[in-house]
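This report refers to the structure that appears directly beneath it.
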Amino acid sequence: MAVLDQLTSQQAIDLENKYGAHNYHPLPVVLNKGEGVYVWDVEGKKYYDFLSAYSAVNQGHCHPRIVDAMIQQAQTLTLTSRAFHNDVLGKFEKFTCNFFGFDKLLPMNTGAEAVETALKLCRKWAYEVKGIDENKAEIIVCENNFHGRTTTIISFSNDPIARENFGPYTQGFIKVEYDNLLALEDALKSSPNIAGFLVEPIQGEAGVYVPSGDYLVKAKALCDKYHVLFIADEVQTGIARTGRLLATCGNCNCSIKSCEGKPEVKPDVLILGKAISGGVYPVSAVLANNNVMDVIKPGNHGSTFGGNPVAAAVAMAALEVIRDENLAQNAFELGNIFREELNKFIKTSSIVRLVRGKGLLNAIVINDDEGSNKAWDICLALKDNGLLAKPTHGNIIRFAPPLVMTKEQLLDCVSIIIETLKAFEA
Ligand SMILES: *Cc1c(COP(=O)(O)O)cnc(C)c1O
64 MAVLDQLTSQ QAIDLENKYG AHNYHPLPVV LNKGEGVYVW DVEGKKYYDF LSAYSAVNQG
124 HCHPRIVDAM IQQAQTLTLT SRAFHNDVLG KFEKFTCNFF GFDKLLPMNT GAEAVETALK
184 LCRKWAYEVK GIDENKAEII VCENNFHGRT TTIISFSNDP IARENFGPYT QGFIKVEYDN
244 LLALEDALKS SPNIAGFLVE PIQGEAGVYV PSGDYLVKAK ALCDKYHVLF IADEVQTGIA
304 RTGRLLATCG NCNCSIKSCE GKPEVKPDVL ILGKAISGGV YPVSAVLANN NVMDVIKPGN
364 HGSTFGGNPV AAAVAMAALE VIRDENLAQN AFELGNIFRE ELNKFIKTSS IVRLVRGKGL
424 LNAIVINDDE GSNKAWDICL ALKDNGLLAK PTHGNIIRFA PPLVMTKEQL LDCVSIIIET
484 LKAFEA
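This note's numbering applies: residue 64 is where the sequence shown begins, and numbers increase by one.
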């Protein structure tokens, strides 16, 4: 078999099974083309993408403006490393700092690297600014968090599958219940050595858990009270996904209508990834103001590819698309329609317990135990009916289409989802 021969889906799956590590359990569909809200499998069947590569493809597949930026930069200069300057990085840093309202940015590649960067930054700030004794700093995290896959990050996960037999684990983390301000304040009070609070504004991987309305605002106020950094992991919730530029949405310059009148939370440290590149290239970033970011000095931290010219050009184009195509506003409006339509169906149905989410980050909870296969079986049926989604945990299915969707397309998807669910009605 020549490398360039067109494979059938089964052949492609067999190759992955034989030669690839089995670290994922994908839906049995093999894609070879994407455009906007659609993807196609190798047999030519067309699907709505309702995962968007875990919210990395908010701008839609193969957005021409982002792809053009990548091609142009790739033909000019791809990588210098940070041993030398390049003429794109500074522009990207200025653009992105202005876009989100921060003084400085530290560029990395993947979400997990950006989380690691934020944790290191927080610890260094704790010792050098807050004055915590050497090696005593502790960072508060939430139960059922998902922040990536490095050894340190899985050290404070409570997903047994992500943790088991990867010890010894990194010390210095305290877990509190998500969406529980009393638990947070107890932890903040428990020790003078608390350096930061790392939180997802909506817990995506855990099953799209939206905290109560004032949780983030009050958590930020508590962090201020105890002189602790509020670190928002917006790798999944950021970049217009939840109907605002950021789910924490504080003090940015986006002028999006759906943000008006909403409480503002300005994180001390903001972590971005996924859709900051529109799914075209791995780009992530940590943003903070000078009082925090200036603890990082030459040699303290780095990445060979972080801040490379292709990444910088791609990310600027991807953020311009978010702004110029009003994708936050679109996510806000379509999200409301999506939940309204599903709620109408849920009133008449015994198969779905509820729908929840914000903007176009939503999930339904299937009326079955967590251990059942029903969510997976529903996703297989959705695939047959032309829509791709995946269970997050157990009986929860996440629905997160690209934000470039039209209202007509969304309503078409709603009817596919409802018709598919009806077939599972007891
Ligand atoms: C996906 C994700 C990460 C990790 O990003 P990678 O690019 O996969 O390393 C971190 N935090 C959150 C909230 C995520 O959803």
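We put the beta carbon where it would ideally sit given N, CA and C, even for glycine.
In DSSP terms, what residue i is bridged to
i, result
"K167", "A351"
"D104", "L94"
"C286", "Answer is none; C286 lacks a bridge partner."
"C312", "Partner(s): none; C312 has no beta bridge."
"Q266", "Y272"
"I217", "Its beta-bridge partners do not exist; DSSP assigns none."
"F260", "I203 and F293"
"G99", "H124"
Host alpha helix (DSSP H) of residue i (start-end)
i, result
"L484", "K470 to K485"
"V373", "P372 to D387"
"R128", "P127 to A137"
"L247", "L244 to K252"
"E396", "L390 to K410"
"V178", "G174 to W188"
"A295", "Counting along the chain, A295 falls outside any alpha helix (DSSP H), though it belongs to the beta strand (DSSP E) covering L292 to D296."
"I224", "P223 to R226"
"A116", "S115 to S118"
Residue i versus the options, residue with shortest Cα-Cα distance
i, options, result
"N172", "D131, P345 and R402", "P345"
"I202", "T214, R212, E191 and L184", "L184"
"K470", "A452, D447, I359 and L390", "L390"
"I334", "P264, I400 and H364", "P264"
"S254", "Q266, I427, E227 and V291", "V291"
"K187", "N430, K360 and S115", "K360"
"G270", "A84, P454 and T71", "P454"
"D447", "N371, E106 and N352", "E106"
"Q266", "L169, C312, D357 and N208", "N208"
"A426", "G434, K199 and A438", "A438"
"F229", "V273, M468, R212 and N80", "R212"
"V373", "F236, T71 and T143", "T143"
"A394", "T71, N121 and G97", "N121"
"V358", "P330, K199 and K167", "K167"
"S340", "A310, N353, V384 and L309", "V384"
"P223", "Q472, L474, H456 and L484", "H456"
"L245", "C286, R226 and N256", "C286"
"Q392", "L417, D431 and M468", "M468"
"V100", "L473, S478, V477 and L417", "L473"
"A463", "K283, A116 and A225", "A116"
"T483", "L445, L466, A452 and P465", "L445"
"N371", "V151, E268, I479 and L451", "V151"
"P170", "N399, A375 and D475", "A375"
"L443", "Y87, F487 and N406", "F487"
"R128", "I400, K288, A380 and K410", "A380"
Nearest-angstrom Cβ-Cβ length linking residue i and residue j, presumed shorter than 8 angstroms
i, j, result
"E206", "K238", "5 angstroms"
"T491", "L382", "Examination of residue 491 is not possible in this model, given that the chain is present from 64 through 489 alone."
"L397", "L423", "6 angstroms"
"L114", "R461", "7 angstroms"
"G336", "V298", "4 angstroms"
"G342", "Y111", "Actually they are not in contact, since the Cβ atoms of G342 and Y111 sit about 16 angstroms apart, beyond 8 angstroms."
"D242", "Y278", "5 angstroms"
"G306", "K421", "6 angstroms"
"L247", "A282", "6 angstroms"
"V477", "E404", "5 angstroms"
"P465", "G83", "Contact doesn't hold; Cβ gap of about 26 angstroms is too wide."
Cβ neighbours of residue i in the same chain (closer than 6 angstroms, five flanking residues each side left out)
i, result
"H210", "V178, I216 and D296"
"F162", "L382"
"I429", "K437, A438 and N458"
"V332", "A181, L292, I294 and A351"
"S220", "R226"
Continuous beta strand (DSSP E) stretch holding residue i: start and end
i, result
"N149", "Neither: N149 is in no beta strand (DSSP E) and is coded neither H nor E."
"I76", "Element bounds for I76: not the beta strand (DSSP E) but the alpha helix (DSSP H), S72 to Y82."
"Y110", "K109 to D112"
"L417", "V415 to K421"
"L466", "That residue, L466, is in no beta strand (DSSP E); it is neither H nor E in DSSP."
"A452", "Looking at the DSSP string, A452 is not in any beta strand (DSSP E), and its letter there is neither H nor E."
"A426", "L424 to I429"
"I359", "It is not in any beta strand (DSSP E) - I359 carries neither H nor E in the DSSP assignment."
"L54", "This structure cannot settle anything about residue 54, because the visible part of the chain is limited to 64 through 489."
"I237", "F236 to V239"
Own chain residues within Cβ distance below 7 angstroms of residue i, not counting five before or after
i, result
"E55", "The chain is shown from 64 up to 489; residue 55 falls before or after that span and cannot be answered."
"A75", "V93 and V105"
"V273", "I265, R419, G420 and K421"
"G126", "It is His, not Gly, that sits at residue 126 in the sequence shown. Taken in chain order, the residues that qualify are G341 and V384."
"L140", "N149 and P372"
"T311", "P264, L279, A295, E297, V328 and P330"
Cβ of residue i within 9 angstroms of any chain D Cβ
i, result
"L451", "You won't find chain D in this structure, because it holds only one protein chain."
Other residues of its chain near residue i: CB distance less than 8 angstroms, five sequence neighbours each side excluded
i, result
"A489", "S413 and I414"
"Q69", "V105"
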